[in-house]
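Residue numbers (this note's numbering), protein chains in the order written: chain F, 1 to 86; chain A, 87 to 395.
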């Protein structure tokens with residue numbers, strides 16, 4: 001299982017918290033995308049659809065990294081569940 | 087508030103969202119890092135961001151006072167109210183807490199994805215996550231006037247490129263300082279002689295330090311790294327500024343730089359010849375107040391929006 005220097009002992013509780021903190025960050029990104037879809041067109045934009053398209057393009061590094069993170073977090077949780085480490 | 091068919095996200099709504107996410111991420115962060123380490127991250131990041139942001143505002147790069155012209159009671163402006171619930175000098179507290187709740191998960195994510203890498207590589211990944219998020223948040227903030235850019239430079243979607251470079255180095259340095267000090271309990275070799283003079287001991291190994299001693303070292307390093315971060319940002323920001331100079335920020339910052347006072351209608355730096363940005367110029371920022379004017383739904387209070395006097 002993954003060992004981090006951030007915590008002395010990695011339990012299922014901390015692993016769940018790791019997953020939830022990722023979900024929260026992703027939720028914030030979703031809030032921003034929704035805001036972009038409803039608010040004024042950005043500077044140099046003429047429509048709100050452009051806002052969303054722009055958000056998806058610039059958010060690509062974030063989305064890719066989050067994808068890897070969620071995969072790792074789920075894997076950690078699965079392994080911890082297998083060893084029943086609370 | 088609806089203006090035309092667009093929704094203006096006002097400062098009070100931003101604050102509610104920011105405070106809510108701050109509490110949720112603080113809660114989860116404490117479960118992962120523990121109370122003490124999360125507390126160090128929080129106070130360190132507040133110190134870090136509040137100093138940097140206040141310096142930038144005072145220097146005229148941007149400001150947070152657009153909403154001071156909006157909120158009124160009984161038909162008159164609420165005197166002295168900036169539009170934000172709590173200000174620390176010239177910066178809303180929610181903005182600094184916002185930096186915390188984005189940085190802490192970015193730091194935890196980079197630690198999970200690069201567990202055995204050195205601090206600088208981890209810090210780079212965390213900073214990439216943060217900048218990628220900010221590249222969506224900042225254009226929204228510009229059209230909703232959560233903050234107003236007023237610094238000359240190269241702009242992308244109404245936001246100075248220097249802002250993104252600054253965001254990158256903000257977390258790059260802070261994550262490195264935090265990891266080296268609080269997680270590794272180590273030091274920066276070049277800083278050790280200075281720390282020996284100040285703390286009267288060798289700070290190479292902080293493993294035996296209690297929280298109070300560790301806190302002092304973290305805060306000291308945070309303050310020492312601020313000028314380093316600012317200089318690095320200015321150096322890197324100079325590159326896009328030279329490539330393309332398309333300044334079109336709102337020019338009504340309450341702390342105008344000398345350049346603004348000297349060349350208020352110029353879109354180019356000194357020596358390149360002044361260019362007047364007319365109202366119909368597509369480069370000119372047209373925010374919600376501008377839209378409100380066009381629709382005849384009300385004039386901005388306290389001066390023209392985007393006015394280039």
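Every residue, glycine too, gets a C-beta built ideally from N, C-alpha and C.
Note that this is a predicted model, so its numbers are computed, not measured.
Legend entry - Contained alpha helix (DSSP H) runs [length at least 4] in the region 265-308 of chain A, N- to C-terminal order: Taking only runs of at least 4 residues, the alpha helix (DSSP H) segments lying wholly in the region 265-308 of chain A are 278-285.
Inset, instruction - Starting from the C-beta of residue 171 of chain A, find all residues in its chain whose C-beta is less than 6 Å away, skip the five residues before and the five after it, and write them out in chain order. - result: Residues 101 of the same chain have their beta carbon placed closer than 6 Å to that of residue 171 of chain A, with the five preceding and five following residues left out of the count.
Legend entry - Rounded straight-line distance, which links the Cα of residue 174 of chain A to that of residue 152 of chain A: Cα to Cα, residue 152 of chain A sits roughly 16 Å from residue 174 of chain A.
Inset, instruction - Determine, using beta carbons only, whether residue 310 of chain A and residue 289 of chain A come nearer to each other than 8 Å. - result: No, Cβ-Cβ distance for residue 310 of chain A and residue 289 of chain A is not below 8 Å.
Inset, instruction - Compare the Cα-Cα distances from residue 139 of chain A to each of A:159, A:235 and A:119 and report the closest residue. - result: When A:159, A:235 and A:119 are compared, the shortest CA-CA separation from residue 139 of chain A is found for A:235.
Inset, instruction - Could you confirm whether any beta carbon from chain D is found closer than 8 Å to the beta carbon of residue 223 of chain A? - result: No chain D is part of this structure, whose protein chains are labelled F and A.
Legend entry - chain A within 8 Å of residue 22 of chain F, Cβ atoms only: Answer yes: the Cβ-Cβ gap between residue 22 of chain F and chain A drops below 8 Å somewhere.
Legend entry - Residue from F:42, F:79 and F:65 whose Cα sits closest to the Cα of residue 231 of chain A: The shortest C-alpha separation from residue 231 of chain A is found at F:42.
Inset, instruction - Compute the distance between the beta-carbons of residue 211 of chain A and residue 199 of chain A, then report whether it is under 8 Å. - result: Yes; because the gap between Cβ atoms is below 8 Å, this pair is in contact.
Inset, instruction - Report the rounded CA-to-CA distance for residue 249 of chain A versus residue 239 of chain A, giving the unit in angstroms. - result: In this structure, the alpha-carbon of residue 249 of chain A lies about 10 Å from that of residue 239 of chain A.
Inset, instruction - Determine the contact status of residue 73 of chain F and residue 18 of chain F, defining contact as a CB-CB distance below 8 Å. - result: Taking 8 Å as the Cβ cut-off, residue 73 of chain F and residue 18 of chain F qualify as a contacting pair.
Inset, instruction - Verify the CB distance criterion: does residue 244 of chain A have a CB-CB separation below 8 Å to chain F? - result: So yes, residue 244 of chain A belongs to the interface.
Legend entry - Nearest-angstrom Cα separation, counted from residue 299 of chain A out to residue 276 of chain A: Between the alpha carbons of residue 276 of chain A and residue 299 of chain A lies a distance of about 20 Å.
Legend entry - Beta carbon proximity, residue 322 of chain A to chain F, threshold 8 Å: Closer than 8 Å: no.
Inset, instruction - Could you work out which residues of chain F lie near residue 191 of chain A, taking near to mean beta carbons separated by less than 8 Å? - result: Ordered by position in chain F, the residues that pass the 8 Å Cβ test against residue 191 of chain A are 21, 22, 24 and 25.
Inset, instruction - Indicate the three-state DSSP secondary structure (helix, strand or coil) for residue 242 of chain A in the structure shown. - result: Strand.
Legend entry - Start and end residues, alpha helix (DSSP H) containing residue 230 of chain A: That run of the alpha helix (DSSP H) goes 205-230.
Legend entry - Endpoints, alpha helix (DSSP H) assigned at residue 69 of chain F: Boundaries of the alpha helix (DSSP H) harbouring residue 69 of chain F: 60-82, taken from the DSSP string.
Inset, instruction - Out of A:143, A:157, A:224 and A:116, point me to the one whose CA is closest to residue 13 of chain F's CA. - result: Distance from the Cα of residue 13 of chain F is smallest, within the candidate group A:143, A:157, A:224 and A:116, for A:116.
Inset, instruction - Can you tell me which of the three DSSP states residue 156 of chain A falls into? - result: Residue 156 of chain A: coil per DSSP, three-state reduction.
Inset, instruction - Decide if residue 71 of chain F is buried, meaning its Cβ has at least 16 other Cβ atoms within 10 Å, or exposed. - result: By the C-beta density criterion, residue 71 of chain F is exposed, having fewer than 16 other C-beta atoms within 10 angstroms.
Legend entry - Euclidean distance between Cα positions of residue 106 of chain A and residue 47 of chain F: A straight line joining the alpha-carbon of residue 106 of chain A with that of residue 47 of chain F spans about 30 Å.
Legend entry - CB contact check: residue 49 of chain F to chain A, cutoff 8 Å: It does not: the Cβ of residue 49 of chain F has no partner Cβ on chain A nearer than 8 Å.
Inset, instruction - Kindly indicate if chain A contains any beta-carbon less than 8 Å away from that of residue 32 of chain F. - result: It does; some Cβ of chain A falls within 8 Å.
Inset, instruction - Could you name the residues of the same chain whose beta carbon sits closer than 7 Å to that of residue 98 of chain A, not counting the 5 residues immediately before and after it, in chain order? - result: When the five nearest sequence neighbours on each side are left out, no beta carbon in the same chain lies closer than 7 Å to the beta carbon of residue 98 of chain A.
Inset, instruction - Please determine, among A:286, A:144 and A:291, the residue with the shortest C-alpha to C-alpha distance to residue 273 of chain A. - result: Answer by Cα proximity: A:291.
Inset, instruction - Look at the alpha carbon of residue 124 of chain A and the alpha carbon of residue 246 of chain A, and state the distance between them as a whole number of angstroms. - result: Cα-Cα distance, rounded: 31 Å.
Inset, instruction - Take the Cβ of residue 131 of chain A as the centre, count every other Cβ of all protein chains shown within 10 Å, and call the residue buried at 16 or more, exposed below. - result: A residue is called buried once 16 or more other Cβ atoms fall within 10 Å of its Cβ, and residue 131 of chain A is buried on that count.
Inset, instruction - Would you please verify whether the beta carbon of residue 158 of chain A is less than 8 Å from any beta carbon of chain F? - result: Interface residue (Cβ-Cβ distance to chain F less than 8 Å): residue 158 of chain A is not classified as such.
Legend entry - Burial state of residue 296 of chain A, where buried means 16 or more other Cβ atoms lie within 10 Å: Exposed.
Legend entry - Nonlocal neighbours in the same chain, by C-beta distance under 6 Å from residue 323 of chain A, ignoring five residues either side: Cβ neighbours of residue 323 of chain A within its own chain (closer than 6 Å, five residues either side excluded): 248 and 251.
Legend entry - Start-to-end residues for the alpha helix (DSSP H) that takes in residue 105 of chain A: Residues 97-119.
Inset, instruction - Please classify residue 141 of chain A: does DSSP put it in a helix, a strand, or coil? - result: The answer is helix: DSSP assigns residue 141 of chain A an H, G or I state.
Legend entry - Three-state secondary structure (DSSP) of residue 373 of chain A: Because residue 373 of chain A sits at a pLDDT of 45, beneath the cut-off of 50, its placement in the model cannot be relied upon, and the following sentence gives the value as read from the coordinates. It is coil, neither helix nor strand.
Legend entry - Closest by C-alpha distance to residue 207 of chain A, when choosing among A:166, A:192 and A:220: Of the listed residues, the one whose Cα sits closest to residue 207 of chain A is A:192.
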